[in-house]
Amino acid sequence: MNNWKMLRSCFLLLCVVIFDQILEVAGQSTSFPVISKGMHHFKIDPTPDFAPARLAPGWIDSSSVSCGISCMQHYADCLSFLYNRTTHLCSPASSVFNKSDPPTSKEGELHYKVTCDYSKGFRLMFSGSAMACLANYQVVWLNYTQAHEACQAKGAVLASVKTFDKLAILRNLVGGNMAWVGADDLAGQGYLVWKLDSSPVANETLESVFSPGEPNNALGLEHCVQYYYVNRMLNDDQCSIRYGYVCEMPLPFYDNIF
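Those letters in the sequence shown? Residues -27 to -1, 1 to 231, per mature numbering (1 follows the signal peptide of the UniProt record, and there is no 0), in order.
See below:
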C-alpha cells in the first residue's frame, strides 16, 4: 500500500510538472498560480519593484513547480523563490521587502506566496489578470456597516472591484443579486475610498466598472457602493439599505492592483 501511495504521488507530481512546462512554453504562466499546496499559492511577478531575502545559493531544478515545492519542503520560511526558465536556476527566498536588491536576469522571475484561508470559506478566484481570495456571496440582507463588520469578523473586508477583470469575478459570484462592495465616503472626504487599502477610487475605475453616470450621490444620500444586478456594474447607494455581500481576504503585494 505504501508503495502504491508513493507511485501515485510521483505520478501526480509528474503531471503538475508537465502542465507547468506547457504553460511556460506557451508564455501564459503570469496569469496562473504556479504552485498550489494547501491554501498557499505562488504568483509570478516578472518585473518586480521589490526583492526577496535570499535563503541560500540556488540549484538547478526541472520546473518552477518543482522549484517551489523544493523551497517549501526544505525551508520553513519559504515565502518566495526565483526561477530562471532558460537556465532552470532555482533560488529559495523568504520575505519580499528589499527594494535595493531586485532579482537579476540570471536569477529569473520572482514567485511570491499568497495565502487564501480555505478553512474560513474563502478560495482563490481568477478572471483574466485578476486574482482574489473571496468568500461566496452571502445571502444575508445587511446594511453596509453590518456587512463590513461581518467580513471583519472573518479577518476580511468587503470586496474591492478596481478593474473590469475583478468585476467579472464578482459577476460570477453574485449573479442576479444585489451586493455591497467595499467602497464608501462615510468619512465625509467627498470621494470614494476602498475598504481594502484605504486608497481613493481611481478615475479609470469609475469609467470601467461603474454604471454610466455613477456614482452620482443622488440627493446627497448615497455614500456606499453596491453591485447592481440589472446592468451588472457598480453604483452608489444609501448605506442603510440591506443587500447581500461578498467578503475578500487581502493578498499582500497584490491587492493594491485589483
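Backbone N, C-alpha and C fix where the C-beta goes; we use that ideal spot for every residue, glycine too.
**Q.** Sequence-distant residues of the same chain with beta carbon closer than 6 Å to Leu159, five excluded per side
**A.** The beta carbon of Leu159 sits closer than 6 Å to the beta carbons of His196 from its chain, once the five residues preceding and following it are set aside; these are given in chain order.
Q) Is Gly155 helix, strand or coil by DSSP? A) Of the three classes helix, strand and coil, the one that applies to Gly155 here is strand, per DSSP.
Q. Of all the beta strand (DSSP E) runs that stay within the bounds of the region 87 to 172, which reach a length of 3 or more residues?
A. As summarised for the region 87 to 172, the continuous beta strand (DSSP E) elements at least 3 residues long and confined to that stretch are 95 to 100, 103 to 108, 111 to 115 and 152 to 157, given in chain order.
Q | Residue burial classification, Pro185 (beta-carbon count within 10 angstroms, cutoff 16) | A | The residue in question, Pro185, is exposed, as its Cβ has fewer than 16 Cβ neighbours within 10 Å.
Q.
Taking only three categories from DSSP, how would you classify Gln211?
A. Coil.
Q) Between the beta-carbon of Tyr200 and the beta-carbon of Leu143, is there less than 8 Å? A) Contact: yes.
Q: Could you have a look at Phe217 and say whether DSSP puts it in helix, strand or coil?
A: Checking the displayed sequence, the identity of residue 217 turns out to be Gly instead of Phe. When secondary structure is reduced to three states using DSSP, Gly217 falls in the strand class.
Q: For the beta strand (DSSP E) containing Ser53, list its first residue and its last residue.
A: Bounds of the beta strand (DSSP E) holding Ser53 are Ser53 to Tyr56.
**Q.** Start and end residues, beta strand (DSSP E) containing Val182
**A.** Here Val182 belongs to no beta strand (DSSP E); instead the alpha helix (DSSP H) covers Asn176 to Val182.
Q: Please name the residue or residues paired with Met222 in a DSSP beta bridge.
A: Answer is Cys106, bridged to Met222.
Q) Based on the DSSP secondary-structure assignment, which residues constitute the bridge partners of Tyr49? A) Note that residue 49 corresponds to Ala in the displayed sequence, not to Tyr. None, per the DSSP bridge assignment.
Q: State the beta-bridge partners of Cys197 as determined by DSSP.
A: By DSSP's assignment, Cys197 forms a beta bridge with Asp157 and Asp210.
Q) Run through DSSP, which three-state label would Ser64 get? A) Of the three classes helix, strand and coil, the one that applies to Ser64 here is strand, per DSSP.
Q | Beta-carbon spacing of Ala141, Ser100 below 8 Å | A | Yes.
(Q) Looking at the strands, I want to know which residues DSSP matches up with Glu82. (A) Per DSSP, the beta-bridge partners of Glu82 are Tyr56.
Q. Relative to the C-alpha of Met222, which residue among Ser35, Asp170, Val174 and Val198 is closest?
A. It is Asp170.
Q. Taking Cβ positions, are Leu97 and Cys89 nearer each other than 8 Å?
A. The answer is yes: Cβ separation under 8 Å.
**Q.** Whole-number beta carbon distance between Val154 and Leu131, since they are thought to touch under 8 Å
**A.** Correct: roughly 6 Å between the Cβ atoms.
Q. Nearest to Phe218 by CA position, among Tyr164, Lys135, Tyr110 and Ser68, is which residue?
A. According to the sequence provided, residue 218 is Tyr. The question's Phe does not apply to it. The alpha carbon of Tyr218 has as its nearest neighbour, out of Tyr164, Lys135, Tyr110 and Ser68, the alpha carbon of Tyr110.
**Q.** Segment limits, beta strand (DSSP E) that includes Pro25
**A.** Taken as a continuous stretch (DSSP letters only), the beta strand (DSSP E) holding Pro25 covers Pro25 to Arg27.
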